[in-house]
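Everything below concerns the one structure shown next.
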Amino acid sequence: MKKLSLIGLALAAVCSAQASIVITLSNGNYSIDGSGNYLTTETLTYSTVANLNAGGTLHYICQNFLGGVGTATFSNGTDNLVFDVQIQNASSNGQVSSADGQWVYDSGLSTGVFSGMAGAGTYSQSFHGANQFAASEFVGELTTVPEPASLIALGTGAVALIRRRNRK
16 MKKLSLIGLA
26 LAAVCSAQAS
36 IVITLSNGNY
46 SIDGSGNYLT
56 TETLTYSTVA
66 NLNAGGTLHY
76 ICQNFLGGVG
86 TATFSNGTDN
96 LVFDVQIQNA
106 SSNGQVSSAD
116 GQWVYDSGLS
126 TGVFSGMAGA
136 GTYSQSFHGA
146 NQFAASEFVG
156 ELTTVPEPAS
166 LIALGTGAVA
176 LIRRRNRK
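Each residue of the sequence shown is one higher than the one before, counting from 16 in our numbering.
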């Protein structure tokens, strides 16, 4: 029974591998297109992103926030990490505008080292109109979804150990 408990714990650990993500954008700028959408370009520093070492940088382009819905695309030059963003609160105070809401990982648009994940979290962004400066933050959980082949191999090994134990 002790081995079975250990096997169960090992499977649970593999299936629940999570990485907390905190992406803080330290600088950037924005423009507004003809439809009134904010087009944001920022260089970001992240605390943790699954499949990447902490402290790296990605390029961020935030587009098409018409009607409070949009996408946030992070790129390392070859691979894209894409979040669908829903703005829930927006305010403007003279030269400064801000927005916050929720983000969800977009599995259909994320590519390369960012594919095969799941997750969600919160989002906030501010825009300073005088110099078109933007600052953003994304906080939440990203989970690397295990490959089906890995789960099958673990399950087969667990069954073999159980059968072997029962033979004794």
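Don't be surprised by glycine CBs; every beta carbon is placed ideally from N, CA and C.
Simplified DSSP assignment, three categories, for residue i
i           : result
residue 143 : strand
residue 181 : helix
residue 86  : strand
residue 116 : strand
residue 109 : coil
residue 158 : strand
residue 126 : coil
Residue i versus residue j - alpha carbon distance
i           : j           : result
residue 115 : residue 153 : 10 Å
residue 97  : residue 88  : 4 Å
residue 184 : residue 108 : In the structure as shown, the chain begins at 16 and stops at 183. Residue 184 is therefore absent and cannot be evaluated.
residue 90  : residue 178 : 47 Å
residue 92  : residue 86  : 18 Å
residue 101 : residue 181 : 53 Å
residue 136 : residue 171 : 35 Å
residue 133 : residue 151 : 21 Å
residue 127 : residue 121 : 13 Å
residue 105 : residue 142 : 11 Å
residue 147 : residue 112 : 11 Å
residue 99  : residue 149 : 19 Å
Whole-angstrom C-beta distance between residue j and residue i, which should lie under 8 Å
i          : j           : result
residue 95 : residue 139 : With 8 Å as the limit, residue 95 and residue 139 do not qualify as a contact, their Cβ atoms being about 22 Å apart.
Own chain partners of residue i with C-beta closer than 6 Å, once the 5 adjacent residues on each side are dropped
i           : result
residue 144 : 110
residue 83  : 102
Same chain, Cβ closer than 7 Å to residue i, neighbours up to 5 away in sequence not counted
i           : result
residue 155 : 36, 118, 134, 135, 136, 137
residue 131 : 159, 160
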